[in-house]
Amino acid sequence: MFHKKISLFLAVCSIAVLSCNTNTSTPADNLIPKPVSVTKGSGQFTITEGTSIIAATEAVKIGEYLSAQLKPATGFALKVTPGTAATKGSIFLTLGGDASLGDEGYELSVTADQVTVTAQKPAGLFYGIQTIKQLLPEAINASAKQEAKWELQSVTIKDQPSYAYRGSMLDIARHFFGVEDIKRYIDLIATYKMNTLHLHLTDDQGWRIEIKSWPNLTAHGGSTEVGGKKGGFLTQDQYKDIVQYAMDRYITIIPEVDMPGHTNAALASYPELNCNDTATKLYTGTEVGFSTLCTSKEVVYKFLDDVIKELAAITPGQYIHIGGDESHATKKEDYIPFMEKVQGIVKAHGKLAIGWDEIANCTLQPNTIAQYWADAANSTEAVKKGAKVIISPARKAYADMQYDSTTRLGLHWAGYIEVDTAYIWDPATLEPGIKRENIVGVEAPLWTETIVTMDDIEYMLFPRLPGYAEIAWSPVTGRSWDEYKVRLGNHGPRMKAMGIDYYPSKKVTWK
Ligand code: ACM
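If you use my numbering, the sequence shown corresponds to residues 29 to 539, in order.
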């Protein structure tokens with residue numbers, strides 16, 4: 029009898045706890061990436077048309093960004109005032125606070141009276157603002173005015189990223205994507221506190237960045253794309269506009285000029301880059317590994333010096349990516365001195381080089397980064413040579429891999445990557461020879477052989493991208509698929525409100 033009573037009591041309790049959990053799940057329980065610490069309080073702050081944003085002088089621009097972010101859905105034009113003290117009813121952005129939060133961390137406090145974001149650096153304030161958006165009702169992501177109560181539940185959040193490099197890559201060479209699409213891509217990754225966009229600017233099928241001293245690269249080499257339709261390219265002014273747009277969102281652009289393979293578009297544009305002095309034909313297929321610059325010709329290095337000089341001049345970030353992958357048409361004895369020489373060209377123009385993992389076969393300049401995509405032995409070798417590594421394992425982090433065998437878009441040469449497969453891994457334990465201290469961060473590349481429209485991009489990125497962002501941002505100790513999939517499911521309406529046509533994986537219960 030006694031036991032029966034106890035078990036009845038426990039059953040009622042656990043039902044109560046379950047329903048309690050469901051009923052009290054608030055936006056603070058569903059943040060992606062998951063913050064380092066969340067302490068819920070009582071009461072709430074309501075944003076009204078009278079709410080003001082008070083920002084430290086260095087943060088006025090971020091205050092204006094917040095005001096602009098809140099405007100479409102609320103219809104409010106919140107005023108931004110420079111200031112160093114909060115007033116009741118305001119959102120206050122201030123620099124300082126806990127030094128241990130580092131360059132990108134922030135503390136967010138929501139009380140009934142005010143919202144305060146404190147950070148050492150403006151980047152931290154920017155991430156605090158992304159959190160504020162996720163604490164508001166999901167309708168805040170809509171692009172037109174919504175009827176909603178713009179309430180934030182009281183909470184204190186302390187947060188900072190695990191990895192300094194949190195990125196995605198977009199291939200605009202196989203299919204060309206222009207300024208508006210790239211800006212949307214930037215906005216999407218910024219939402220999840222990523223800070224790097226690697227642009228794959230050149231490949232066999234297209235040269236997509238204006239180089240003034242070699243104009244045929246884009247005039248001819250940029251004229252088509254996979255499938256044979258009209259291609260396109262970014263002018264240097266458009267590229268600079270993208271760089272500034274990204275900087276305003278605390279995102280660094282890393283431009284990639286792939287070489288010595290993946291260069292047919294250049295080889296088709298200038299005969300002298302070929303060993304036989306004959307221009308190749310433009311290529312609109314999807315094979316890899318058939319092209320190579322003529323590594324023994326001086327003019328090739330003059331060409332690369334001009335390209336990297338022009339690119340370095342319009343790239344404020346530290347890094348230029350020099351590719352180096354799948355150079356199957358280049359002899360190894362030619363590949364090695366070539367990649368070594370090109371690292372020197374990058375250095376001569378004041379930048380640091382990144383190469384795909386094959387670059388580990390070369391002598392590496394100090395600070396050259398290797399990007400692990402396929403070959404663990406290469407990546408481990410890079411670490412042995414003292415290099416840091418970006419972790420982008422194709423079998424986990426390639427956003428162009430199909431979710432399963434029924435996915436309309438994408439490839440599967442590295443496997444199918446369901447949403448759980450994309451999430452369940454830890455960069456620091458993926459390969460025995462690559463430790464936490466060797467890793468700068470995580471990048472999810474999106475190759476575009478099969479990707480034609482922005483809608484295609486979003487279908488492949490979502491819902492995997494929030495998981496990649498969380499792997500890069502959140503402490504590994506707090507991460508589990510069973511817990512994450514609930515947050516992701518609750519996040520569905522936010523993605524919908526952002527206009528994202530995501531893959532509704534059956535592994536997740538979507539709200
Ligand atoms: C690559 O996927 N070829 C880097």
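Note that the Cβ used here is the ideal one computed from N, Cα and C, for glycine as well.
All figures in this text were calculated on a predicted structure; none of them were measured in a lab.
query, result
"If Ser407 and Ile467 are in contact, beta carbons under 8 Å, what's the gap, nearest whole angstrom?", "Wrong, their Cβ atoms sit about 10 Å apart, outside the cutoff."
"Applying the criterion that 16 or more other CB atoms from any shown protein chain within 10 Å of the CB defines a buried residue, is His519 buried or exposed?", "buried"
"Return the residue from the list Lys524, Lys360, Val504 that minimises the CA-CA distance to Phe490.", "Lys524"
"Provide the residue span of the alpha helix (DSSP H) that contains Asp286, from first to last.", "Unbroken run through Asp286 is the beta strand (DSSP E), 280-287; no alpha helix (DSSP H)."
"At a cut-off of 7 Å, is Glu354 close to the ligand ACM when judged by its beta-carbon and the heavy atoms of the ligand?", "yes"
"Would you tell me roughly how many angstroms separate the C-alpha atoms of Ile336 and Ile210, rounded to the nearest one?", "22 Å"
"If you draw a straight line from the C-alpha of Ser11 to the C-alpha of Lys325, how long is it?", "Residue 11 is absent from the structure shown; the chain starts at 29 and stops at 539."
"Have a look at the DSSP bridge pairing and note the partners of Arg472.", "At residue 472 the sequence reads Ala, which differs from the Arg that was named. Its beta-bridge partners are Ser196."
"Could you pull the DSSP bridge partners for Met429 from this structure?", "Leu439"
"By Cβ distance below 6 Å, which residues in the same chain neighbour Thr122 in space, the five residues on each side in sequence not counted?", "Ala84, Thr146"
"In the DSSP assignment, what are the bridge partners of Val145?", "Leu121, Leu136"
"Quick one: which unbroken beta strand (DSSP E) runs of 3-plus residues sit fully inside the stretch 253-338? Chain order, please.", "280-287"
"By Cβ distance, which residues of its chain are closer than 7 Å to Glu446, with the 5 residues on each side in sequence left out?", "Tyr431, Asp432, Ser533, Lys535"
"Specify the secondary structure class of Leu106 as computed by DSSP and reduced to three states.", "coil"
"Would you be able to state if there are at least three C-beta pairs under 8 Å between the stretch 471-482 and the stretch 201-208?", "yes"
"Check for me: the beta strand (DSSP E) holding Leu380 runs from which residue to which?", "380-384"
"Please report the Cβ distance between Thr74 and Trp178, rounded to the nearest whole angstrom; I am assuming they are in contact, meaning their Cβ atoms lie under 8 Å.", "6 Å"
"From what residue to what residue does the beta strand (DSSP E) around Tyr347 run?", "347-351"
"Measure the C-alpha to C-alpha separation of Lys416 and Glu208 and round it to an integer number of angstroms.", "33 Å"
"Assign Val504 to buried or exposed, taking buried as 16 or more other Cβ atoms, counted over all protein chains shown, within 10 Å of its Cβ.", "exposed"
"Count the other CB atoms within 10 Å of the CB of Pro283; is the residue buried (16 or more) or exposed (fewer)?", "buried"
"Please classify Ser128 as buried or exposed, where buried requires at least 16 neighbouring CB atoms within 10 angstroms.", "exposed"
"My output table needs one value for Thr50: the three-state DSSP class, helix, strand or coil.", "In this prediction, Thr50 has a pLDDT of 46, which is less than 50 and means its spatial position is unreliable; what the coordinates show is noted afterwards. Residue state, collapsed to three classes: helix."
"Using 8 Å for Cβ pairs, my map puts Glu471 next to Ser420. What's the rounded Cβ distance?", "5 Å"
"With a Cβ-Cβ cutoff of 8 Å, do Asp353 and Glu386 count as a contact?", "yes"
"Considering only the alpha carbon of each residue, which of Asp483, Lys268, Glu135 lies closest to Val143?", "Glu135"
"Cβ atoms of Thr358 and Gly313: under 8 Å apart, would you say?", "no"
"Excluding five sequence neighbours on each side, which residues of the same chain lie with their C-beta closer than 8 Å to the C-beta of Thr50?", "Only weak support is given to the placement of Thr50: the predicted model assigns it a pLDDT of 46, under 50, and the question is left unresolved by the model."
"To the nearest angstrom, how far is the alpha carbon of Asp141 from that of Lys161?", "18 Å"
"Helix or strand or just coil, what does DSSP make of Tyr191?", "coil"
"Going by the DSSP bridge assignment, what does Glu179 pair with across the sheet?", "Thr74"
"Between Asp454 and Ala398, what straight-line distance do the alpha-carbon atoms span, to the nearest angstrom?", "18 Å"
"At the level of alpha carbons, what is the spacing between Leu541 and Gly506?", "Residue 541 is absent from the model: the chain starts at 29 and stops at 539."
"Is the beta carbon of Lys221 sitting closer than 8 Å to the one on Ala497?", "yes"
"With distances taken from CA atoms, which of Leu458, Thr435, Tyr426 is nearest Ala404?", "Leu458"
"For the alpha helix (DSSP H) holding Lys211, just list the boundary residues, first then last.", "207-219"
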